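**Student:** Keeping their order, the protein sequence lines are chains U, W, C and A.
So the first sequence is numbered by the working numbering: it starts at 350 and just counts up by one.
So the second sequence is numbered by the working numbering: it starts at 350 and just counts up by one.
So the third sequence is numbered by the working numbering: it starts at 350 and just counts up by one.
So the fourth sequence is numbered by the working numbering: it starts at 350 and just counts up by one.
Don't be surprised by glycine CBs; every beta carbon is placed ideally from N, CA and C.
All values derive from a computational prediction rather than experimental measurement.
Protein chains: 4
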Amino acid sequence: MATRGVLRQNTAMLNRREGLRTRYFEVRSATDQLTTPLGPEDQTVQSMADVSPTKWHRAHTSWFFETFVLLPFQPNYCVFDEGYDYLFNSYYESVGPRYPRDRRGLISRPGLSDISAYRKHVDAAMDQFLAADPPPEAADLVELGLHHEEQHQELILMDIQHVLWNSPLQPAYSAETHLAPSPTSCGIEPQWHDLDGGVVTVGHNDLGFGFDNEGPGHQILLAPYRIADRLVTNAQWINFINDGGYSRPKLWLADGWAAVKNLGWQSPLYWEHHNECWTEFSLRGREVIDPSVTVHHISHYEADAFARWSNSRLPTEFEWEHAVRQLRGDSLHDSSANTASTEEHTTQPLNDSEGHVWQWTASAYLPYPGFQPAIGAVGEYNGKFMSGQMVLRGSSCFTPPGHSRVTYRNFFPPAARWVAAGLRLASDT
Amino acid sequence: MATRGVLRQNTAMLNRREGLRTRYFEVRSATDQLTTPLGPEDQTVQSMADVSPTKWHRAHTSWFFETFVLLPFQPNYCVFDEGYDYLFNSYYESVGPRYPRDRRGLISRPGLSDISAYRKHVDAAMDQFLAADPPPEAADLVELGLHHEEQHQELILMDIQHVLWNSPLQPAYSAETHLAPSPTSCGIEPQWHDLDGGVVTVGHNDLGFGFDNEGPGHQILLAPYRIADRLVTNAQWINFINDGGYSRPKLWLADGWAAVKNLGWQSPLYWEHHNECWTEFSLRGREVIDPSVTVHHISHYEADAFARWSNSRLPTEFEWEHAVRQLRGDSLHDSSANTASTEEHTTQPLNDSEGHVWQWTASAYLPYPGFQPAIGAVGEYNGKFMSGQMVLRGSSCFTPPGHSRVTYRNFFPPAARWVAAGLRLASDT
Amino acid sequence: MATRGVLRQNTAMLNRREGLRTRYFEVRSATDQLTTPLGPEDQTVQSMADVSPTKWHRAHTSWFFETFVLLPFQPNYCVFDEGYDYLFNSYYESVGPRYPRDRRGLISRPGLSDISAYRKHVDAAMDQFLAADPPPEAADLVELGLHHEEQHQELILMDIQHVLWNSPLQPAYSAETHLAPSPTSCGIEPQWHDLDGGVVTVGHNDLGFGFDNEGPGHQILLAPYRIADRLVTNAQWINFINDGGYSRPKLWLADGWAAVKNLGWQSPLYWEHHNECWTEFSLRGREVIDPSVTVHHISHYEADAFARWSNSRLPTEFEWEHAVRQLRGDSLHDSSANTASTEEHTTQPLNDSEGHVWQWTASAYLPYPGFQPAIGAVGEYNGKFMSGQMVLRGSSCFTPPGHSRVTYRNFFPPAARWVAAGLRLASDT
Amino acid sequence: MATRGVLRQNTAMLNRREGLRTRYFEVRSATDQLTTPLGPEDQTVQSMADVSPTKWHRAHTSWFFETFVLLPFQPNYCVFDEGYDYLFNSYYESVGPRYPRDRRGLISRPGLSDISAYRKHVDAAMDQFLAADPPPEAADLVELGLHHEEQHQELILMDIQHVLWNSPLQPAYSAETHLAPSPTSCGIEPQWHDLDGGVVTVGHNDLGFGFDNEGPGHQILLAPYRIADRLVTNAQWINFINDGGYSRPKLWLADGWAAVKNLGWQSPLYWEHHNECWTEFSLRGREVIDPSVTVHHISHYEADAFARWSNSRLPTEFEWEHAVRQLRGDSLHDSSANTASTEEHTTQPLNDSEGHVWQWTASAYLPYPGFQPAIGAVGEYNGKFMSGQMVLRGSSCFTPPGHSRVTYRNFFPPAARWVAAGLRLASDT
């Protein structure tokens, strides 16, 4: 989830500015909360190139505020450590050279205490900065930085799950954690919603925050389609496995079948089969699979194969977005359209559209018509990744509250499996 | 170009049936013609996993008729060699196990004479079969097999260019060959066509042959756009190089920039720079670059970076198709709409829309709404490759005459460079 | 340095038994002392497959006593953690499956505090065990375990040097450390000792401790030879570099030249060249090269190329051993012959034969005539590594005091460079 | 078998000179004879980096005479093709840059007819050159070139066996060929010869031709030992397999066991097990294993493991050489000592010491005391490979008649299996 964004809306928003300082410390504190169960050893390990050590995430998010807010806008800001720019730049080519991503596990030092000091140093400077009246473009970048840090909160959880799974004793992150999808109350068999399609509007409408890749809002022509009212469950996935899902090449895209063979996939990531029983490693440790829970930690290839096995297909990202809006009665003139909504609607909503698992779509991650990246280095946030990845919609149990949107476009390569991702079925009518 | 197809139109077409036998031998003979300049050693070498030896192409295209036409439809057909099914199946999982693609260069035997005998054996059986009245579904498969063989004619040329380039003495395929793009008569600076967009129809209309991936024909909503009337030339590409095109990361998609660094790209494939002069290896051998010729042997990443450098973008495959139709005055009820047309139109056409180089588009290779693969093993022809690839439109100097269509969807991974591919610019209005 | 050994002498040695408990706690404590400057993050990182995390070394040495002493000989010993057997077995196939070597950096847990508790648990049990009168074969295994732990003390220093060098800030292990070779007082130009050779005895004479690979003592026939009285210095190595040592293939073994080209060697490991000045990373951090210090962190290939450039060669391990014995006046009946000796001798000794850097020899690491590995799992200590490695003799500044012997055979693959290894020249007469 | 050599004896030998021209054409013709069963496709393929295409061997051996004889010694010699120097230099760094070894399978051109013309061109020039009275150093190089070409005759057979085995249909080289080891007449259980050892002389005595690595002749001290009178057979090997030879790590060197696991070894190369029957691919095609034939196509690691399973060991190269000399009654003053001898001796000889399979020894391939490589580029023939390889003694059914010697040192890396190599057991007494 290399997503980043820019404020698409620069009109003065007094409330936001007043609330910014409060929100800054809430978000920063939430990051630190996540590391409570983790020792210095846990926070240092990198289990694969795509995963970053926890302590790296904590430093990188501070570097973001230092580099994009404090250095340009706070006149006397004193950099914490000149060497950190090289270490904690993730991928901003415009900012200068950077330490190779796949070697982040070698950063024995700075250690945990150095990085805590770094966070405090940046927080103190930001406190001062936000207490004064920051110019609107700086406030926009602060807000971007907070959304950015929320994305890394999700990455911290995804990544540490992978790290702990690779640790040979597979310790739990936390026994009490609620950070796994809950069972669904509804039955296994999905109900279908039929939608008419037509010329519909999709994308961000510039009210409230959105990443640059969510816009511009624009019209598209949708053919009629149907979409399932719930996500695919573990019970359904076990049926797929038992029906030879992982051994029938005709169900798979060619690249997906190559992954099955080369990587030895026989179940979702983190699953194991012992004594006729499926178990799964989650942040709570290894547990018996609950059939009524939404399947997750599957790749796009697996989602696509499952859909074909079901005589269905994945929805496009536009079908997904349109269905969510339609079924909760959104008006495009309604200013709440871009924000996550938990209220009940009179129409029957799409269950689990948010907060359980990310949902793979049939859409490649490509720019919307008229897309323009943000000006400056933060323009590298999203646009340059628009190749070779697939869009996921919704949000997951790892996503911080309030971070999701109906227009949100998450994206990962089709073989990625350490994302908390599942699927919802669709079909033509 | 792993494209394959099925007849989307099964109505009786008497003319086609009568002409099928003639066309069969024309196509088969054209394949053999291509190998005239090549010795047994040339036809045996595999220069990378994506490239197949010439003799493998010759055998595989025969295997296609044997497997999908003769075995199911010709009662007493006697298989030439039982072992060939394993060797010359390209990727049809339904047909059985197959020899690994990246080891085709180890097939020292069957040798050239065996493979010529195989072709003759299949041709003799097909002669008999076509002389009788083949059932419509068999005739459809013959036509598919001929389009398939035409695709392999293009692959033979692409692949042998790569083989000869890797041969340390870099011999020419043929001194007299006209198999390279010709210079453009028009100047370097493109003219722009402005198009209004709107709800337009794209895709194959089921009149005449088309591969399954070209349909169904359907409506989409296009925003207004502009498109260049000509292809980008070598002269423009040299400007891009001289302006640091290969050393400025901000011009590139992240995956593209990784390819530039990891693979050392500094110019199109086959180019070399000596004594302030650019040369290029083509089927005619190594030659000085002609600035007025269309640039080719570039990846999608390079095309995309060039477009960004030009403050433009690549057209989507639908913008491309719509522009070609509009600018030559196609009517959607016109039965010629799907076929290549060389006649002059009253409106100003898109120059070089066919016959020079394939044109990278901004579109990922994905199924059209309502897409259904063909029934049976030939259903593996196209659909399973709809992941991780980009669409190219038009055709190239390597494409057999009559093989192109305005709805034709060629596709390759974004890093592929041994395709004869270039680009045309587009932009928003 | 995967060396391990067994007592070749099992006669009752009362003094040794009485002193064993004292020595046990001295050695164990010395290991812990080495980790004082290192935080949990430092002790967790694995910088390449050949390097183990510090905390792994600390656990593995405890596992050795638990597995080979306490479990077989201490009736009621209670294993600290059943899972550790899998984690901290280095390579003893007989003992059971083990965690892959190249994934030791993923062991986030057990953390440092767990491993300290493990050490204390084993130490308490050993304290009890040694207070009673352990049977001779157990005492032998304790002594083996202490020599084993001393070997890992050297590995801890070698490995952490590599870890800190790979940490992007390249922190020092300790500012005050004396753990680097000292300058030589003698001039650069070596003096040569001429030796007559003849039938001489080499190998361990079974008085005192020795690893199994040091014996049996046996006679060999040596031709006359000469050997340099001192080690090659940094000054000489810089001359080699400046004379094109790393760019002239005729100086190199074929495998060595391949390593130079493929790995980009242009100087010893840890060296850098900036502003016409050579620096070196040691445990003290990055420092300017001292020309009078012995060169180290070179591979066997480099040592061999340097010798050829010097119109000399490396000594065989037998020439080395014979010269050391001869020049300090050893008698083969002298019981001190196997132990390191720091006293002055009347003859002119070989300078730096111990305590500076390991010395590459021309000898492949092979069994001596009549070699028999120790009985039981500890028989895997040495013999199975007798392939593809070269012998080093002497000892280094990282070697614990008292651990070296004139018969000691250290061994590493010819491309290894993270060993503190240099060379001494020899030639035919 | 990268062995090459130089004449160690430069005294005028009139007989040799007179016979040189005859011998030249005999050897050259024998090379061409070997290619009779092979088409151009067969001669072009490279099945792994260690294997060269047949046509490359044919060109390289001609390049050897062109480069080391004709160019320096024949004043008006006209080079056949300037580009060939780059293509057909195997590894002589002093001669200039060369085409990468692992890409020799890409040399589609020059084709077979070009290479035949090259051979004829060199032969014609050599005919002229040898008709005149070549200077002694040139005659020495011609003789070296002929021994070199004989080595490549063996390589052609070894390599084409690997090529044809990798060709998916696994065609036979020749149905009538006798190029496989014959069954032994003696029973399976070996008899042992006991030898006293002592100070003995080994190595080439400078009478007749020898490669530089065979000398200098020198004295060594051998402990008493015993050696088997025959080679290990397929029957014994099947016992080893059935007794878990490939699944018991304690039988193996650590590197050997890693090869077993990583490469999946379960039998000698070219063996397959179907329906309770072992078959083997030889130049005659796939055949049922004959239990009485000497086992071959095993690595050093396998030979070493088999010996350990047999409670024996491999002989050192000096034990082997001494035993062969002793048991056939060689006198060191006997001028035939260096040549293969087929006559009966009064003492009981070592069966199969020549002509069946190469015999792995326990000796690393290292220089003899006083070894000096030949002067000039041919000095790269042997010495630079003295690292990481093991010595094989004897000769094989692929070795040309007259090419073997009791002092001959063949060498390969310990994992090599495409050599026709087996083993003879030895042990301490």
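(1) If you measure from the beta carbon of S736(A) to each beta carbon in chain B, is any gap under 8 Å?
(2) With 8 Å set as the bound, which would you pick, yes or no: does the beta-carbon of I569(U) sit closer than that to a beta-carbon of chain W?
(3) If I measure Cβ to Cβ from H646(C) and keep anything under 6 Å in the same chain, skipping five residues before and after, which residues do I get?
(4) Against chain C, does A689(U) count as a neighbour if the rule is that its beta carbon must be under 8 Å from one of theirs?
(5) Give the secondary structure of E310(C) by DSSP, where H, G and I count as helix, E and B as strand, and everything else as coil.
(6) Considering only residues of the same chain and omitting the five flanking positions on each side of F760(C), which have a CB-CB separation below 6 Å?
(7) Spatial neighbours of G634(C) within its chain, please: C-beta separation below 6 Å, excluding the five flanking residues on both sides.
(8) Examine chain A for any beta-carbon lying closer than 8 Å to the beta-carbon of I648(C), and answer yes or no.
(9) Quick one: Cα of P446(A) to Cα of T403(U), how far?
(10) What does the Cβ neighbour count give for L774(A), buried or exposed, with the cut at 16 atoms within 10 Å?
(11) Locate the beta strand (DSSP E) running through E629(A), then write down its first and last residues.
(12) State yes or no: is the C-beta of F429(W) within less than 8 Å of the C-beta of V471(W)?
(13) State yes or no: is the beta carbon of E390(U) nearer than 8 Å to at least one beta carbon in chain C?
(14) Below 8 Å between beta carbons: does that hold for L772(W) and A656(W)?
(15) Would you decide whether Q502(C) is buried or exposed? Buried here means 16 or more other CB atoms lie within 10 Å of its CB.
(16) On a CA-only basis, which of E651(W), Q585(W) and D639(W) is nearest G613(W)? Give me that one, please.
(17) Taking 8 Å as the threshold (beta carbon to beta carbon), is E442(U) in contact with chain W?
(18) Which residues mark the beginning and the end of the alpha helix (DSSP H) in which H705(W) is found?
(19) Compare the beta carbon distance of V642(A) and T628(A) with 8 Å and say whether it is the shorter of the two.
(20) Do D555(A) and A723(A) have their CB atoms nearer than 8 Å?
(21) Closer than 8 Å is the cut-off here; do at least three beta carbon pairs connect the stretch 421 to 441 of chain W with the stretch 381 to 388 of chain W?
(22) Report yes or no: is there a C-beta of chain U within less than 8 Å of the C-beta of Y448(C)?
(23) Using a threshold of 8 Å, state whether the C-beta atoms of V394(C) and A726(C) are closer than that.
(24) Show which residues of chain W have a CB atom less than 7 Å away from the CB atom of T643(A).
(25) Going by the beta-carbon positions, is the gap between R742(C) and G559(C) smaller than 8 Å?
(26) Of the residues R370(A), L518(A) and N591(A), which one's Cα is nearest the Cα of D391(A)?
(27) Identify whether G547(W) lies in helix, strand or coil by the three-state DSSP scheme.
(28) Using the beta-carbon count (16 or more within 10 Å), is L495(A) buried or exposed?
(29) Suppose contacts are defined by Cβ-Cβ distances below 8 Å. Is W541(W) in contact with A577(W) by that definition?
(30) Determine the direct distance from the alpha carbon of H409(U) to that of Y730(U), and round the result to whole angstroms.
(31) With DSSP run on the structure shown, which of helix, strand or coil describes A393(C)?
(32) I'd like to know whether the C-beta of P386(U) is nearer than 8 Å to at least one C-beta of chain C.
(33) Ignore the nearest five residues each way along the sequence and tell me which others in Y426(C)'s own chain have a CB closer than 7 Å to its CB.
(34) Could you give the distance in angstroms between the alpha-carbon of N624(C) and the alpha-carbon of W606(W)?
(35) Since I believe P565(A) is in contact with G719(A) (beta carbons under 8 Å), could you give me their beta-carbon distance rounded to a whole number of angstroms?
(36) At a CB-CB cut-off below 9 Å, which residues of chain W make contact with L602(U)?
**Tutor:** On the basis of the coordinates in this document:
(1) Considering every chain present, this structure includes no chain B. Its protein chains are U, W, C and A.
(2) yes
(3) P617, L618, Y619 and R766
(4) Bear in mind that the predicted position of A689(U) carries a pLDDT of just 42, short of 50, making it too unreliable to give a figure here.
(5) Outside the displayed span of chain C (350 to 778) sits residue 310(C), for which this structure offers no information.
(6) Y714, Q738 and V740
(7) A521
(8) According to the sequence shown, residue 648(C) is Ser rather than Ile. No, because no Cβ of chain A sits closer than 8 Å to the Cβ of S648(C).
(9) 49 Å
(10) buried
(11) C626 to S631
(12) yes
(13) yes
(14) yes
(15) buried
(16) E651(W)
(17) yes
(18) No alpha helix (DSSP H) holds H705(W); DSSP gives it neither H nor E.
(19) no
(20) no
(21) no
(22) yes
(23) no
(24) Residues of chain W passing the Cβ test: none, with the nearest at roughly 28 Å.
(25) no
(26) L518(A)
(27) strand
(28) buried
(29) yes
(30) 14 Å
(31) Going by the sequence as given, residue 393(C) is Thr instead of Ala. If DSSP states are grouped into helix, strand and coil, T393(C) belongs with coil.
(32) no
(33) L419, L420 and A474
(34) 31 Å
(35) 5 Å
(36) G732, K733, F734, M735, S736 and G737
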